[in-house]
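Protein chains in written order, with the working numbering: chain X, 1 to 164; chain R, 1 to 173.
Working notes, beginning with the structure itself.
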Amino acid sequence: MATTYEPIATTTLGSAAASITFSSIAATYTDLRVVLVCTTSAATNIRLRFNNDSSTLYSITTLYADGITASSDARGTLDALSWTVGGGSSTTIPQLYAADIFSYAGSTNKTSLLERSEDKSGGSLARIVGLYRSTSAINRLDLLAIGQTFSIGTTATLYGIKNA
Amino acid sequence: MPNTYILISSNVLSSSAASVTFSAIPATYTDLVVRISARGSRSAVVDNIVVRYNSDSSAIYSSTFITGAGSTTGSSTSSGNTSFTFNTSNGNTTTANSFGSTEIYIPNYLSTTSKPISTISLSETNSATDNYLRALADLFRNTSAITSMTFTPEIGPNWLSGSSFYLYGIKNS
């Protein structure tokens, strides 16, 4: 059986940082998975950007809930995939953000499936489908705390998944 | 490069059981994944899975979830609970040989802070009304490493034969 679900890189922040970057990602896997558990300097949006590309090639459709209402939202022409439509990070309670990025090394547009778990003794969650309209292979991921910083102790891990 | 997503333990029931427990979970992984296929003995179409970590029954469990139930959507939040109780499973009056499916992702289960947990849980019952899909953001406000977990039907009282529980460990290096 092939070795799959391999850890490519991991980071635990020893000092606050506005972003976490995984670069020089090898094209030897089929899919990628990134798992982020973070607190931030203030509640903010958490975003995922590919190839350091901030052009408006990203779009998302989000199914989300806040403990009262279930909602859906679609947005285009974004400069990164957003995890936090209808939510926001916490300064004190670690929150979970994960993304599966399919066929990242291919030459077609890239589809991702994202999830957000932000319970803070009452919070929000989301399941998100994202599209990055680029035909270039993804070789870099940036996790962004928009306008704030990820706090010390934040962890992020990138995994590679092989289909053979 | 190490292979990760390693099976730590499994329990496929060959007879009814009131609960399933994974204990002595090693501290050698980064994250945990639980995959459950469950059918309870409750005389109804569905039941819920009660999840408790470290046998801790203090009121430090909270959940926010989104539900699709037949043609209805909704959301609810609940805190100060003594377990997680909103994961759905099939009950004993649903179509024969059908089970509810649940996946639980627990990052940083060794951490000394509160633990966010993500769950997706569904019961497809071949019923016009009693089908459930739930995604949950759970928070376990315990600062000890998770070393055990127990799964009990909320009403049950038993899990039925054929129910399966798998625990996997994920390493980040």
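Glycine included, C-beta positions come from ideal geometry on N, C-alpha and C.
Note that the coordinates shown come from a computational prediction; the quantities given were computed from them, not determined experimentally.
Q) What residue from X:S107, X:G130, X:V85 and X:P7 has the CA that sits closest to I101 (chain X)'s CA? A) When the alpha-carbon of I101 (chain X) is set against those of X:S107, X:G130, X:V85 and X:P7, the nearest one is in X:G130.
Q | Proximity test, Cβ basis, 9 Å: S124 (chain X) and chain R | A | Yes, contact with chain R.
Q.
Tell me whether the segment 43-60 of chain R and the segment 94-102 of chain R touch, counting them as touching only if at least three CB pairs, one residue from each stretch, are closer than 8 Å.
A. Yes, they touch.
Q. What does I93 (chain X) reach in chain R if we use C-beta pairs closer than 9 Å?
A. I93 (chain X) reaches chain R at T113, S114, P116, L139 and R141, counting residues in chain order whose Cβ is nearer than 9 Å.
Q. Listed in chain order, which residues of the segment 58-76 of chain X have Cβ atoms closer than 8 Å to some Cβ of chain R?
A. Those would be L63, Y64, A65, D66, G67, I68, T69 and A70, in chain order.
Q) Pairing CB atoms from the segment 61-77 of chain R with CB atoms from the segment 129-137 of chain R, are three or more of them under 8 Å? A) Yes, the segment 61-77 of chain R is in contact with the segment 129-137 of chain R.
Q) Closest Cβ-Cβ distance between G74 (chain R) and chain X: below 9 Å? A) Chain X, which has a Cβ nearer than 9 Å to the Cβ of G74 (chain R), makes this yes.
(Q) Suppose the cutoff is 6 Å on Cβ atoms and the five residues either side in sequence are ignored; what does the same chain contact list for D142 (chain X) look like? (A) So the list reads S19, T21 and R49, once near-sequence residues are dropped.
Q: Report the rounded CA-to-CA distance for A65 (chain X) versus G147 (chain X), giving the unit in angstroms.
A: Cα atoms of A65 (chain X) and G147 (chain X): separation of roughly 24 Å, rounded to the nearest angstrom.
Q: Check whether the Cβ atoms of S71 (chain X) and T64 (chain R) lie closer than 9 Å to each other.
A: Cβ distance not < 9 Å, so S71 (chain X) and T64 (chain R) don't count as in contact.
(Q) For the segment 109-142 of chain X, list every residue whose C-beta sits within 8 Å of some C-beta in chain R, in sequence order. (A) If you check each beta-carbon in the segment 109-142 of chain X against every beta-carbon of chain R, the ones closer than 8 Å belong to E115, R116, S117, E118, D119, K120, S121, G122, G123, S124, L125 and R127.
(Q) When you measure from the CB of N109 (chain X) to every non-hydrogen atom of the ligand MG, does any distance come out below 8 Å? (A) Only the bare structure without any ligand can be found here, which leaves the ligand MG out of the picture.
Q: Compare the beta carbon distance of S111 (chain R) and P94 (chain X) with 9 Å and say whether it is the shorter of the two.
A: Less than 9 Å separates the beta-carbon of S111 (chain R) from that of P94 (chain X).
Q: Inspect the CB distances between the segment 69-88 of chain R and the segment 69-88 of chain X and report whether three or more fall short of 8 Å.
A: Two segments are said to touch when three or more pairs of C-beta atoms, one from each, lie closer than 8 Å; by this definition the segment 69-88 of chain R touches the segment 69-88 of chain X.
Q | Integer Cβ distance of T39 (chain X) from T84 (chain X), believed to fall under 8 Å | A | Rounded, the Cβ-Cβ distance is 14 Å, inconsistent with contact.
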